[in-house]
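What follows is a single structure, written as structure tokens, with notes after it.
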Amino acid sequence: MSVAGLVASGTGDALARARQAIATVADPEIPVLQLVDLGIIRSVELDTAGTLHVGVSPTYSGCPATSVISADIEAALRAAGFSSVNVHDVLSPPWTSDWISDEGRRKLHAYGIAPPPKAVASVRGLLAAESKPACPLCGSTDTELLSEFGSTPCKALHRCRSCLEPFDRFKCI
Amino acid sequence: MSAAAAPAPAAPSATTRVEYLLRLADTSLVLAQRLGEWVGHAPAIEEDLGLANTALDLLGQSRMLLSYAGTLEGAGRDEDALAFLRSEHEFRNATLAEQPNGDFGDTVVRQFLIDAYQLEVFERLAASSDTRLAEIAAKSVKETRYHLRYSSSWLIRLGDGTPESHARVQASLDRLWPYTRELCDPDELDRAMADAGIGADLHAVRESWLKRVDGTLAEATLRRPADGPYRWYGKQGRHSEHLGHLLAVMQHLPRSNPGAQW
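Chains as they are written, first to last, in our numbering: chain A, 28 to 200; chain B, 6 to 267.
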């Protein structure tokens, strides 16, 4: 993206404050997960006019949470003292579940959602994506896919054959 | 005309480019609306979720494409104006997308044929010289691949299922197949956009689309119907009788309450 007149120096403090504020924003549909864990925050920049530009990648084109996410980022930044905020979409390169951080994967697992395998963007990763996820509740790998689509656009529904509990898995894209 | 001597094709006008974007956007939009009709009516909760999630992705794709078309057009129309305030003859979706849901088999066949087509188209558009279109296509490819996996698996289950499911889904295919004619049949506009390096080459699309369709039909023990005469060209605004009814429902609220805000 190109924002005219980006300032590289003298704004370090402001940018650090902005990043800190953004780091507190949780995903509206998976509230244990911060947006930064999800890997959808792509850029934070301050222009010479003092407007803060935040680039966000949508996980899915039609994800209804997208507008809530923008509003939440804006609110957090206003609360941190930024009066002029611009949140924009960054489509390219498209988001992949590979960008979910290790911390994010840990939080998903603890919340009962099986995290996607890493490197699904590669061929080997795609094969791994076809493999059975471990049950986030009991750890068994004897699991089955119930539905390719789940409760939100980013999840699929699985069931553990050991503890019989259904569980969500992050879709691999 | 020899290719070497031919002058470089003139860049397509903004009108041509907008028209092309509407073909892509409207196919996704109209199909999303159809899939939305299944919510609360699908055979099982998993299918309800699957069809609704696919509809959401398609709606998201069409919103990005419509917004971009509105910007290119420069007439002050945004995604909502384009979706809700155009009439039937101004829609440019493939006629197949507007065909009624019918039974679950009809919906699966329609979805499979369009998913496979969109995958081929979006994969090519991801390399379009129009960077915004390329970005939208690259995002859509991932989602479309997921949709195709779902519709293919159902086509195989129904085709290679019981004698009853096989006969019914074959009948769906026979009924819907004629509408595929326009998908890969390039008109002047398709050719101009492909020549300019913006649009997808529909001859190449047809070749790989047919290959994929034949592969899945074979696995589903279904027979590809012969091509026959065909009269509708939704992408040129010549629709079947079904689109008007769909738009009446889709556009009712903003048409009867102009300027209504959510």
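Where is the CB? At the ideal position from N, CA and C, for every residue including glycine. The structure displayed is predicted, hence computed values, not measured ones.
- Other residues of its chain near G242/B: CB distance less than 6 Å, five sequence neighbours each side excluded: Counted from its first residue, the second sequence places residue 242/B at position 237. Beyond the five residues adjoining it in sequence on each side, G242/B comes within less than 6 Å, by CB distance, of H94 in the same chain, given in chain order.
- Select from A74/B, A16/B, E51/B and T59/B the residue whose C-alpha is nearest the C-alpha of D31/B. Within the second sequence, the letter at position 26 stands for residue 31/B. Cα-wise, what sits closest to D31/B is A74/B.
- Item | Inter-stretch contact (C-beta, 8 Å, three-pair minimum) for the region 104-118 of chain B and the region 31-49 of chain B | Because the criterion of three Cβ pairs below 8 Å is met, the region 104-118 of chain B and the region 31-49 of chain B touch.
- Message: Within 10 Å of its beta-carbon, does N197/B have 16 or more other beta-carbons around it, so buried, or fewer, so exposed?
- Response: Counted from its first residue, the second sequence places residue 197/B at position 192. Position check: residue 197/B holds Ala in this sequence, whereas Asn was assumed. For A197/B, the number of other beta carbons within 10 angstroms of its own is at least 16, and it is reported as buried.
- Cβ distance (whole Å) where D232/B is taken to contact R180/B below 8 Å: Taking the second sequence and counting its residues from 1, the one referred to as residue 232/B is at position 227. Taking the second sequence and counting its residues from 1, the one referred to as residue 180/B is at position 175. Rounded to whole angstroms, the Cβ separation of D232/B and R180/B is 14 Å, and the two are not in contact under 8 Å.
- Query: Is it true that the CB of A103/A sits closer than 7 Å to the CB of A48/A?
  - Reply: Translated into the one-based positions of the first sequence, residue 48/A becomes position 21. Translated into the one-based positions of the first sequence, residue 103/A becomes position 76. Yes, the pair counts as a contact, with Cβ atoms nearer than the cut-off.
- Query: Per DSSP, what kind of secondary structure is K147/B in: helix, strand or coil?
  - Reply: As a first step, residue 147/B must be located in the second sequence, where it is residue number 142. Looking at K147/B - three-state DSSP - the assignment turns out to be helix.
- By DSSP, does T170/A sit in helix, in strand, or in coil? The residue given as residue 170/A occupies position 143 in the first sequence. Looking at T170/A - three-state DSSP - the assignment turns out to be strand.
- Query: How many angstroms separate the CA atom of V95/A from the CA atom of R228/B?
  - Reply: Walking along the first sequence from the start, residue 95/A turns up at place 68. Walking along the second sequence from the start, residue 228/B turns up at place 223. Computed Cα separation, rounded: 47 Å.
- From the DSSP output, in three-state form, read off H80/A for me. Along the first sequence, read from residue 1 onward, the residue named residue 80/A stands at position 53. Residue state, collapsed to three classes: strand.
- Would you mind stating whether L54/B and S124/A have Cβ atoms separated by less than 7 Å? Locating residue 54/B in the second sequence gives position 49, where the first residue counts as 1. Locating residue 124/A in the first sequence gives position 97, where the first residue counts as 1. If you check the CB distance, L54/B and S124/A do not come in under 7 Å.
- Minimum Cβ-Cβ distance from L118/A to chain B less than 7 Å: One-based indexing of the first sequence puts residue 118/A at position 91. True, the Cβ-Cβ gap to chain B drops below 7 Å.
- Query: Any C-beta of chain A sitting closer than 7 Å to the C-beta of E128/B?
  - Reply: On the second sequence, position 123 is the one that residue 128/B refers to. No, its Cβ sits nowhere closer than 7 Å to a Cβ of chain A.
- Message: Using a Cβ-Cβ cutoff of less than 6 Å, which residues in the same chain neighbour V174/B once the five nearest sequence positions on both sides are dropped?
- Response: Counted from its first residue, the second sequence places residue 174/B at position 169. Result list for V174/B: G110, L163 and G164, in chain order.
- Let me know the secondary structure DSSP gives Y87/A once reduced to three states. For the purposes of this step, residue 87/A is taken as residue 60 along the first sequence, with counting starting at 1. Three-state DSSP puts Y87/A in coil, outside helix and strand.
- Message: Run through the DSSP bridge pairs and tell me what L73/A is partnered with.
- Response: Translated into the one-based positions of the first sequence, residue 73/A becomes position 46. Its beta-bridge partners are L79/A.
- Query: Since N106/B meets chain A, which of its residues come closer than 8 Å, beta carbon to beta carbon?
  - Reply: For the purposes of this step, residue 106/B is identified with residue 101 of the second sequence, where counting begins at 1. For N106/B, there are no C-beta contacts with chain A under 8 Å, since the nearest C-beta of that chain is about 18 Å from it.
- Task: For L184/A, write down the residues that DSSP places opposite it in a beta bridge.
- Result: Residue mapping note: residue 184/A aligns to position 157 of the first sequence, counting from 1. Paired residue(s): S174/A and D195/A.
- Within 7 Å, strictly: CB atoms of A121/B and W214/B: For the purposes of this step, residue 121/B is identified with residue 116 of the second sequence, where counting begins at 1. For the purposes of this step, residue 214/B is identified with residue 209 of the second sequence, where counting begins at 1. Going by C-beta atoms, A121/B is nearer than 7 Å to W214/B.
- Task: At 9 Å on the CB atoms, spell out the chain A contacts of Q66/B, in chain order.
- Result: Counted from its first residue, the second sequence places residue 66/B at position 61. Result: S88 and G89.
- Reference G107/B, options F96/B, L40/B, A60/B and S133/B, closest by Cα: For the purposes of this step, residue 107/B is taken as residue 102 along the second sequence, with counting starting at 1. Checking every option, the nearest Cα to that of G107/B belongs to L40/B.
- Message: Could you check whether the Cβ of N98/B sits closer than 7 Å to any Cβ belonging to chain A?
- Response: The residue given as residue 98/B occupies position 93 in the second sequence. N98/B has a beta carbon lying at 7 Å or more from every beta carbon in chain A.
- Could you tell me which chain B residues have their CB closer than 9 Å to the CB of I200/A, listed as they occur along the chain? Reading the first sequence from its first residue, position 173 is the one you call residue 200/A. Residues of chain B passing the Cβ test: K147, E148, R150 and Y151.
- Query: How big is the Cα-Cα spacing for S70/A and A225/B?
  - Reply: As a working mapping, residue 70/A is identified with position 43 in the first sequence. As a working mapping, residue 225/B is identified with position 220 in the second sequence. When only Cα atoms are considered, S70/A and A225/B end up about 46 Å apart.
- Message: So if I threshold CB-CB distances at 9 Å, which residues from the region 161-190 of chain A count as touching chain B?
- Response: Within the region 161-190 of chain A, the residues whose Cβ lies closer than 9 Å to any Cβ of chain B are, in chain order, L173, S174, E175, F176, G177, S178, T179, P180 and L184.
- Query: What residues in the region 152-178 of chain B bring their beta carbon closer than 9 Å to a beta carbon of chain D?
  - Reply: The question asks about chain D, but that chain is absent: this structure's protein chains are A and B.
- Does D75/B get closer than 7 Å to chain A when you measure Cβ to Cβ? Start at 1 with the first residue of the second sequence, and residue 75/B comes out as number 70. First, the residue type needs correcting, since residue 75/B is Gly and not Asp in the sequence shown. Closer than 7 Å: no.
- Message: Pull the bridge partners of V112/A from the DSSP assignment, please.
- Response: Translated into positions along the first sequence, residue 112/A becomes position 85. V112/A pairs with L79/A.
- Message: Could you give the first and the last residue of the continuous alpha helix (DSSP H) run that contains F109/B?
- Response: Translated into positions along the second sequence, residue 109/B becomes position 104. Taken as a continuous stretch (DSSP letters only), the alpha helix (DSSP H) holding F109/B covers F109 to L130.
- Query: Listing by chain order, which chain A residues have their CB less than 9 Å from the CB of L87/B?
  - Reply: Along the second sequence, one-based indexing puts residue 87/B at 82. Going along chain A, no residue has its Cβ under 9 Å from L87/B, so there is no contact; the nearest lies around 17 Å.
- Task: Check whether the region 78-89 of chain B touches the region 97-116 of chain A, counting contact only when three or more Cβ pairs, one atom from each stretch, lie closer than 8 Å.
- Result: The region 78-89 of chain B makes no contact with the region 97-116 of chain A: fewer than 3 CB pairs, one atom from each, lie closer than 8 Å.
- At which residue ranges does the region 54-110 of chain B contain complete alpha helix (DSSP H) runs of 4 or more residues, listed in the order of the chain? The region 54-110 of chain B contains these whole alpha helix (DSSP H) runs: 84-89 and 100-103.
- Task: For A31/A, count neighbouring Cβ atoms within 10 angstroms of its own Cβ and tell me buried if that reaches 16, exposed if not.
- Result: As a position in the first sequence, residue 31/A is number 4, starting the count at 1. Annotation note: pLDDT 40 at A31/A (below 50); position unreliable, no value reported.
- Query: Can you pull the DSSP bridge partners for I127/A?
  - Reply: As a first step, residue 127/A is located in the first sequence; it is residue number 100 there, counting from the start. Looking at the DSSP assignment, I127/A forms no beta bridge with any residue, so it has no partner.
- Query: Are the beta-carbon atoms belonging to H244/B and T100/B less than 7 Å from one another?
  - Reply: In the second sequence, counting from the first residue as 1, residue 244/B sits at position 239. In the second sequence, counting from the first residue as 1, residue 100/B sits at position 95. H244/B is a Cβ neighbour of T100/B, given a cutoff of 7 Å.
- From the DSSP output, in three-state form, read off Q266/B for me. Along the second sequence, read from residue 1 onward, the residue named residue 266/B stands at position 261. Look at Q266/B here: in three-state DSSP terms it is coil, with no helix or strand label.
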